[in-house]
Each structure stands twice: as structure tokens, then as C-alpha cells.
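Student: This is the structure I have questions about; it appears just below.
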Amino acid sequence: MKSKFASGDAIEESSSSDGGIMSNEKKSCAICGTSKTPLWRSGPAGPKSLCNACGIRNRKKRRTVIGNRSEDRKKNHSRNPKLGDSLKQRLMQLGREVMLQRSTAENQRRKKLGEDEQAAVLLMALSYASSVYA
221 MKSKFASGDA IEESSSSDGG IMSNEKKSCA ICGTSKTPLW RSGPAGPKSL
271 CNACGIRNRK KRRTVIGNRS EDRKKNHSRN PKLGDSLKQR LMQLGREVML
321 QRSTAENQRR KKLGEDEQAA VLLMALSYAS SVYA
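Right, dumping it as C-alpha cells:
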């Protein structure tokens with residue numbers, strides 16, 4: 221199928237495979253019935269069945285319906301606290317333990333370094349920070 225625009229009107233040319241006979245049908249929107257649009261969009265009646273404005277409205281309407289369904293699912297999940305809450309709590313606790321272990325390891329490393337080494341590490345950290353944040 222080829223679509224052809226003549227002075228803003230949509231004219232659809234269709235050819236049959238048996239005889240090659242051309243028939244001109246004026247294309248119109250399935251919802252509002254307009255035949256003038258810069259872009260044809262797909263809708264419930266199939267591809268290129270809606271004008272641009274109706275196609276956008278139809279898509280927004282579908283998105284809100286889909287959004288409402290997902291909100292209902294989220295509400296159902298929040299009503300039934302199961303494994304997810306305890307898993308989150310365990311992960312938070314594990315994260316705290318890792319941070320505590322990490323800070324004690326850093327403190328031990330600092331204690332082992334002498335005054336010169338600490339100064340060198342501090343200068344390297346400052347130069348790295350100035351190059352990253354500059």
C-alpha cells in the first residue's frame with residue numbers, strides 16, 4: 221500500500237495483485253474522521269488508522285491504564301510484607317558491618333605508616349582530589 225498526499229488530503233492507493241487495478245480511497249481517522257493530518261498513527265483499528273492528535277490521545281490513555289495496573293500491583297505487594305522486608309534488613313545490617321570492618325582496617329593501616337608515609341599519602345589524596353574535582 222502506498223499513501224499519497226494531495227493538497228493536505230490523504231488518498232490511499234491500493235493495488236490488487238491479480239489485475240493491477242488502482243482504486244483511490246480517501247483515508248480518514250477512525251475516531252474523529254479527519255482526512256488531513258501530518259502523520260498517521262496506529263490505533264485499535266490497526267496501523268495508520270488514527271490521525272496524529274487522536275493517536276497521541278489514545279497512547280496517553282493506554283499509558284494511564286497501564287500505570288494504574290502497576291500501582292495496584294505495588295499496593296498488593298506493600299500489604300503483604302514477606303521475605304523482601306527481612307532481606308532488606310539483613311542487607312542493611314551486612315552493609316553496616318562491612319563499613320565498620322573497612323574503617324578499622326584503614327585505621328590499622330594508618331597506624332603502621334610512619335609520619336613521612338602519612339604525609340605522602342595525604343599529598344597524593346589531595347592531588348588526586350584536585351584533579352578529579354577541577
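Numbering of the sequence shown is given in our numbering, commencing with residue 221 and proceeding in unit increments. C-beta atoms are modelled at their ideal positions from N, C-alpha and C, and glycine is treated no differently.
Closer than 6 Å by C-beta to K281: which residues in its own chain qualify, once you throw out the five before and the five after it? Chain order, please.
Tutor: Counting only Cβ-Cβ distances below 6 Å, and skipping sequence neighbours, we find nothing.
Student: If the criterion is Cβ atoms closer than 7 Å, does the pair L270 and R283 meet it?
Tutor: Their beta carbons are not under 7 Å apart, which means L270 does not touch R283 by this criterion.
Student: Between V341 and the rest of its own chain, which residues show a CB-CB distance below 6 Å, the 5 nearest in sequence each way excluded?
Tutor: Here the set comprises nothing.
Student: Just the C-alpha distance for S323 and E335, rounded to the nearest angstrom, thanks.
Tutor: The alpha-carbon atoms of S323 and E335 are separated by roughly 20 Å.
Student: For L343 and Q321, what's the separation of their Cα atoms in angstroms?
Tutor: About 25 Å.
Student: From S347 to K308, what does the alpha carbon distance come to, in whole angstroms?
Tutor: Cα-Cα distance, rounded: 38 Å.
Student: Can you look up L259 in the DSSP assignment and give me helix, strand or coil?
Tutor: In this structure, L259 counts as coil in the three-state DSSP scheme.
Student: Alpha carbons only, please: which of R289, T257, V285, N288 is nearest the one belonging to C274?
Tutor: Among R289, T257, V285, N288, the Cα nearest to that of C274 belongs to T257.
Student: Classify G263 as buried or exposed, calling it buried when 16 or more other Cβ atoms lie within 10 Å of its own Cβ.
Tutor: It counts as buried.
Student: Run through DSSP, which three-state label would S248 get?
Tutor: It is coil, neither helix nor strand.
Student: Between I241 and K247, what straight-line distance do the alpha-carbon atoms span, to the nearest angstrom?
Tutor: Low local confidence applies: a pLDDT of 49 at I241 is under 50, so the model's placement there is unreliable, with the coordinate-based value given in what follows. So the alpha carbons of these two residues sit roughly 18 Å apart.
Student: My understanding is that L259 touches N272, with C-beta atoms under 8 Å, so please give their C-beta distance in whole angstroms.
Tutor: Yes, they are in contact, since the Cβ atoms of L259 and N272 sit about 5 Å apart, within 8 Å.
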